[in-house]
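K.L.:
In this note's numbering, the protein residues as written are 1 to 916.
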């Protein structure tokens, strides 16, 4: 999983096609013809065991080793049974990249004492280090380099959009759709059922080395969620990323993965993952191009308020119905706009209101006049023009008037020219002019809502959340880990009710007052310590597992009695429940009985929150309506940890529970904040206790007094692998400076944006110039997001912070590194506050970062230092960096070898930074 040798796929100087012939249906022959017709500028060879002299005029040989020299890229079109042997031959010959177009069924089946075809392909690739893309891929097309190593049915235009998919046939269809819309591609490839090179590898390579404007992804399945999320999160910070996923329903999902406990529909997990990565998800292939047209041509929206201008009320109402049902907002006009529309009968159906119906007799000039008026309204974020052709305002004439006047429109403009005859020319004119245009009003609104969604997910990527204190101490976390270890040593998968309560209490989650007993006598005695009617629950092996619901949810494992009053009834209840478990579940062991006061009144709402684990994406945070109807109401939403308050608020805002709280709570903001803090705490629990498989708080009672976990369950599993690396708590450490200050050195968090702002304000102009190589007086919101909200899988930043006497903390210095996708090199930067230099902070931070980078296997640390930054040059020399003058950039290059390369490829990368 790396970008090793991937440049051989994208920019080969020579290509050999294995299995090429001039037979009519030869896949290799089609590839050679596509390469020739695309005027590939490099050298071509054909390899066919039948010993042809040439194939379509291309020199041919019978064996790989007979090639005159080693090709940069081999395109394998041989029968699939021969492919493992071909890969081994190519690897021995020194080929570094093989594109396997051959495909077939039963690739994972072992036959005749041999391993499966897939296993043998992978073994052959690993033996020599050759990178293999396929089997079953469509091929690879890079129009800018005149490379068409595919079986595509038609040529592809050059463009700035990269398409990466997992289906060869859908890739072919995408080429045809794009041709019909006059859209070109910078790169187009499908990975098929690849054994080696995966989609995230390609995303990483294009993100580093290709100037693409947008990425379009088609996904059928995800092999490694952490690799995928790291790649797409990095890509979406720099370019538009659109994704379409097949297998959304159980009928079309061929992954055969086990279900995710507590999640009825796994597709919502992909929704959460895409949103967290800043990716816009579309529902169908046609919408993919509508989204591309919208997002690549529209300016960023301030908000989500849409105005509709039409020459008929009927078409406008279709747009509004779609807008409201999709969760959008209809703009409300200002008084000035309202009055202007009412004058001269500009708006005939609902004068002065949105939508604006200018009537069927409106001329093109009238259209542009009213659009300009509406687009100037401060309450409007975008204007949708819906037009049906009339004699007074033909579609093309109106479109040309809009195009001529578009510089006067202050807001984004979307158009829908209804019809297929006269409207076709209008759509083409708008498309060529760069104005988004759609076949129907509904499609236009759907595209607008994609823009709204894109703004939302990008805002989440860049938002700097409020800071929360760490909820636990190192001692309490250690106690939880000790408890979990004891449970595992007892060969148990589930914690008892009382053990789970101890974990929740350690993290500050309020739980209902409870007494845990094992006999009727203990229960009777405990009842004296609790007031009011009591609830009694038996805890046994069958009901202490989270997210385990019966077909009839009101029959809760025969384990609950309510409204018990008096010690006699409580003691009798223990006996009844014990007998019932013995009768219905004789294999289960009763662990304990939980006695609690009944939770009623106070206008309480029952919620459900917890942690579950998905077979692909790992731990997930869940939230929604609670109680025994939780699996019927289907209100549960999910989010990928780690969470901060902004991400938690987004998760809560997607549920029906949030709407109920806003409507019925006496203080909605207080209650929503409490829920957000709870979800952030659950995220911290998931990060700290990696062997926790599931945790369910249900019901979680919310009322005016706060929140209370009434019932809960927790189970354990193998250590989790997170889709997004959580905060590396273990890297925090405390040191004493030369002046006696106690300082914490820790990884940066998204919540540190205020610390960064205060730190930046105390830097001198010279320090800022040394760090950024230019003057940077203020940090923008995007700057703060990039500096504080980092991806720990590819970046690291350590800050030194010191507690202030009056409370709060101040930041003293920061060191950062940015790793390449293959962990070969990392580039560092460091800055220390001017008034604190000479205290050893720079050495402390650099030493911490060097130790960290060595521990994760990075080979080399590099940095650029301004020539007049003598203190930094002295520090680097002291730390063992090799310094040299870079004449081209007029800076000093600092290089430190951290680990020795273990392969020829790594040595090659160290010698040549750009080589993939």
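The beta carbon of each residue, even a glycine, is placed where N, CA and C say it ideally should be.
Helix, strand or coil: which one does DSSP assign to residue 616?
P.N.:
coil
K.L.:
Does the beta-carbon distance from residue 380 to residue 307 come in below 8 Å?
P.N.:
yes
K.L.:
To the nearest angstrom, report how far apart residue 656 and residue 626 are at their CA atoms.
P.N.:
11 Å
K.L.:
Under 6 Å Cβ to Cβ from residue 526, same chain only, skipping five residues before and after it: list those, please.
P.N.:
515, 517, 595
K.L.:
Anyone know if the C-beta pair for residue 205 and residue 73 falls short of 8 Å?
P.N.:
no
K.L.:
Which residue from 279, 590, 842 puts its Cα closest to that of residue 815?
P.N.:
842
K.L.:
Please report how far the alpha carbon of residue 45 lies from the alpha carbon of residue 60, in whole angstroms.
P.N.:
Whole-angstrom Cα-Cα distance: 6 Å.
K.L.:
Using a Cβ-Cβ cut-off of 8 Å (strictly less than) and excluding sequence neighbours within five positions of residue 905, which residues of its own chain qualify?
P.N.:
4, 5, 129
K.L.:
When burial is assigned at 16 or more other CB atoms within 10 Å of the CB, is residue 159 buried or exposed?
P.N.:
buried
K.L.:
Counting only runs that start and end within the stretch 142–204, where is the alpha helix (DSSP H) found for 4 or more residues in a row?
P.N.:
168–180
K.L.:
Compare the Cα-Cα distances from residue 309 to each of 325, 347, 298 and report the closest residue.
P.N.:
347
K.L.:
When you compare the stretch 445–463 with the stretch 276–286, are there three or more beta-carbon pairs, one atom per stretch, that lie closer than 8 Å?
P.N.:
Remark: three or more beta-carbon pairs, one from each stretch, lie closer than 8 Å, so the stretch 445–463 and the stretch 276–286 are flagged as touching.
K.L.:
Report all residues from its chain with a CB closer than 7 Å to the CB of residue 370; omit the five preceding and five following residues, and keep chain order.
P.N.:
309, 346, 356, 358
K.L.:
Residue 556 to residue 623, Cα distance in whole Å?
P.N.:
Bear in mind that a pLDDT of 44 at residue 556, under 50, signals an unreliable position, so the model cannot answer this.
K.L.:
Around the Cβ of residue 227, are there at least 16 other Cβ atoms within 10 angstroms (buried) or fewer (exposed)?
P.N.:
buried
K.L.:
Any contact between the stretch 282–293 and the stretch 319–336? By contact I mean 3 or more CB pairs, one from each, below 8 Å.
P.N.:
no
K.L.:
Are the stretch 428–445 and the stretch 395–407 touching, with three or more C-beta to C-beta distances below 8 Å?
P.N.:
Because the criterion of three Cβ pairs below 8 Å is met, the stretch 428–445 and the stretch 395–407 touch.
K.L.:
What did DSSP end up calling residue 383 once you bin it into helix, strand or coil?
P.N.:
strand
K.L.:
To the nearest angstrom, report how far apart residue 268 and residue 392 are at their CA atoms.
P.N.:
48 Å
K.L.:
Inspect the beta-carbon positions of residue 925 and residue 378 and report whether they are closer than 8 Å.
P.N.:
This structure cannot speak to residue 925, because the chain is shown only from 1 to 916.
K.L.:
Can you tell me whether residue 603 is buried or exposed, with buried defined as 16 or more other CB within 10 angstroms of its CB?
P.N.:
exposed
K.L.:
In its own chain, which residues sit with a C-beta less than 6 Å from the C-beta of residue 897, not counting the 5 before and 5 after it?
P.N.:
860
K.L.:
Classify residue 279 as helix, strand or coil using the three-state DSSP reduction.
P.N.:
Three-state result, residue 279: coil.
K.L.:
If you draw a straight line from the alpha carbon of residue 884 to that of residue 868, how long is it in whole angstroms?
P.N.:
14 Å
K.L.:
Determine, using beta carbons only, whether residue 44 comes closer than 8 Å to chain B.
P.N.:
Judged by its chain identifiers, the structure shown contains no chain B, having just a single protein chain.
K.L.:
Considering only residues of the stretch 71–101, which uninterrupted alpha helix (DSSP H) runs meet the minimum length of 4 residues and lie entirely inside it, listed in chain order?
P.N.:
You should have 83–93.
K.L.:
Can residue 323 be considered in contact with the ligand MG, in the sense that its beta carbon sits closer than 7 Å to one or more heavy atoms?
P.N.:
Among the components of this structure there are no ligands whatsoever, and the ligand MG is therefore not found.
K.L.:
Given this structure, state the Cα-to-Cα distance separating residue 689 from residue 613, to the nearest angstrom.
P.N.:
13 Å
K.L.:
Express the C-alpha separation of residue 708 and residue 494 in angstroms, rounding to a whole number.
P.N.:
22 Å
K.L.:
Can the beta-carbon of residue 91 be found closer than 8 Å to that of residue 127?
P.N.:
Taking 8 Å as the cut-off, the Cβ atoms of residue 91 and residue 127 count as close.
K.L.:
Rank 153, 450, 481, 532 by C-alpha distance to the C-alpha of residue 507 and give the top, closest one.
P.N.:
Nearest option by C-alpha distance: 481.
K.L.:
Please report the residue range of the alpha helix (DSSP H) in which residue 918 lies.
P.N.:
Limits of the chain in this structure are 1 at one end and 916 at the other, which puts residue 918 out of reach.
K.L.:
Find the nearest neighbour of residue 586 within the set 320, 542, 782, judged by alpha-carbon distance.
P.N.:
542
K.L.:
State the start and end residues of the unbroken beta strand (DSSP E) segment that holds residue 592.
P.N.:
For residue 592, the enclosing beta strand (DSSP E) has its first and last residue at 590–597.
K.L.:
Given a cut-off of 8 Å on the beta-carbon distance, is the pair residue 220 and residue 194 in contact?
P.N.:
Remark: C-beta atoms of residue 220 and residue 194 do not approach each other more closely than 8 Å.
K.L.:
Is the Cβ-Cβ distance between residue 210 and residue 187 less than 8 Å?
P.N.:
yes
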